[in-house]
Amino acid sequence: MEKDFSRRGFIQKTILGGTSALLASAAFSSSSFAAKNENMQEKPIIKRKLGKTGIELPIVSFGVMRSDSPALIHAAIKEGIILFDTAHGYQRGKNEEMLGEVFQGYRRDSFVLATKIQPEKKDTSAGPSDVKTDVKIFLDKLDISLQRLKMEYVDILYVHALSSRDDVLNPAMIEAVTAAKKLGKAKHVGVSTHRNEPEVIQAAIDSGVYEVVLTSVNFKQDHYAAVKESIAKAVKAGLGIVAMKTMAGGFHDKERKQPINCKAALKFVLQDENITTAIPGNTSFDHLSMNASVNSDLAMSAQEQADLMIGKSQGGLYCQGCEHCVPHCPKGLPIPDLMRAYMYTYGYRDSRQAQDLLLSLNLPNNPCEECAECSAVCAKNFAVSERVADVMRLTSVPEEFIS
Ligand code: SF4
Ligand code: SF4
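Sequential numbering of the sequence shown, starting at 28, is according to our numbering.
Structure below.
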């Protein structure tokens, strides 16, 4: 069952023979989680508290973004999973609707539901934004989400996809989430971030409002140590941390012939006890079973550690959002967003989510057209302009052809 996810055909035995020195690396040391041979079924589910929210969760939860199967949600509940994470925009609302149907059959206090709403993108040339309007737009979207979910409240409401201190301290969003709590429509509020995580996490701490941060964190991040340090600070300040993008795109290549060892990648993130839970996506029962097995077994084998060490040096599909490339693009393209769309397309095979993201960027069809040579050099050696041209083709595909 695991072979699809832990296949290591791409790692040569000769390479593995030389990994002992690499394994000494502090980042991958896991002496406290030495591999055990006990029967995993007999091990209890590991649970952690989500900051000061009072919520306690198994370390593995469910990111529902790519799932449209009620049966998979029912199966996850049977596996002991409690937190289900969706967003206002996932599957253009159908994701929340699907969860709403499923959870009709469960007691409201038997699961934890998180959704995310992204602030409206602003045309800054049109002058300063109007706080009241922004608050209303956000709260109207929350009402729509609650209708789809058939719920009176969500347990965690995130302001979605923030990437700067200013984003987090945006007075309109703070007013909106405060109102949502007062109205009883959100039990707890937080922010989510795909990039510039340390700055976003610090701002969430400083806000005194946000209680949870949903952050990208994985073994491929060159700035993993900085993310980990910020997470520790947030936990000390009483915030809860939920991890996403733990599997860094799932594959090293767009052809999907070189899978990341996803189970090892999930374990790696969760070995940081400051992280309450992670929300890997599940699109099959095999996926679910593999991810759920980590709930009671964080022990990492030498092979798994080796897979991650080798995988870290491969380019892959995951853009770490470091923005190293951004100042070198004369057109100021939102390259991290474009690379995320590329990962959704080839890593997740989720062309709808990719298309939605691309359309939200309001770019011309071929934004690199007038550039003779790409000067946006990527820290991970991505061929940036090629990936931009490749993924931008999606914007002109009619909706009925998108799956
Ligand atoms: S080719 Fe490179 S530098 Fe030019 S617009 Fe595209 S991403 Fe920017
Ligand atoms: S494309 Fe490369 S340099 Fe640019 S943000 Fe992503 S990982 Fe960093």
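Glycine residues also receive a C-beta, built at the ideal position from the N, C-alpha and C atoms.
Under DSSP, T113 takes part in no beta bridge, so it has no partner. The nearest non-hydrogen atom of ligand 1 is 6 Å or more from the C-beta of K407.
Assignment of H279 by DSSP, reduced to helix, strand and coil, places it in the coil class. If only uninterrupted beta strand (DSSP E) runs of at least 3 residues are considered, those enclosed by the segment 266-316 are 267-271. Proximity of the segment 215-231 to the segment 178-188 meets the contact definition, three or more beta-carbon pairs being nearer than 8 Å.
Per the C-alpha coordinates, the member of A264, R283, N245, I268 positioned closest to A291 is N245. T273 and E413 have their C-alpha atoms roughly 25 Å apart.
Residue nearest to K263 within the set R283, L293, I232, A326 is I232 (criterion: CA-CA distance). Going by DSSP, G217 is part of the beta strand (DSSP E) stretching over 213-220. In this structure, DSSP gives R175 a helical state, which the three-state scheme calls helix.
Contact between G267 and V239 holds, with the beta-carbon distance rounding to 5 Å and staying under 8 Å. The count of Cβ pairs closer than 8 Å, one atom from the segment 78-88 and one from the segment 302-309, reaches three, so the stretches are in contact.
At a Cβ-Cβ threshold of 7 Å, G343 and H279 count as neighbours. Secondary structure note for I100: its alpha helix (DSSP H) is the uninterrupted segment 97-105.
Taking each of A333, S234, V404, V411 in turn and checking the Cα distance to L365, the smallest one comes out for V411. Non-local beta-carbon contacts of K143 in its own chain, meaning distances under 7 Å to residues more than five positions away in sequence, involve A114, H115, Y185, H187, S219 in chain order. Assigned with DSSP and collapsed to three states, P85 falls in strand.
A direct Cα-Cα distance of roughly 28 Å separates V269 from F409. DSSP places A399 in the coil class of the three-state scheme, outside both helix and strand. At a Cβ-Cβ threshold of 7 Å, G276 and Y369 do not count as neighbours. Distance check between V139 and each of G107, S328, V254 places G107 closest, using alpha-carbon atoms only.
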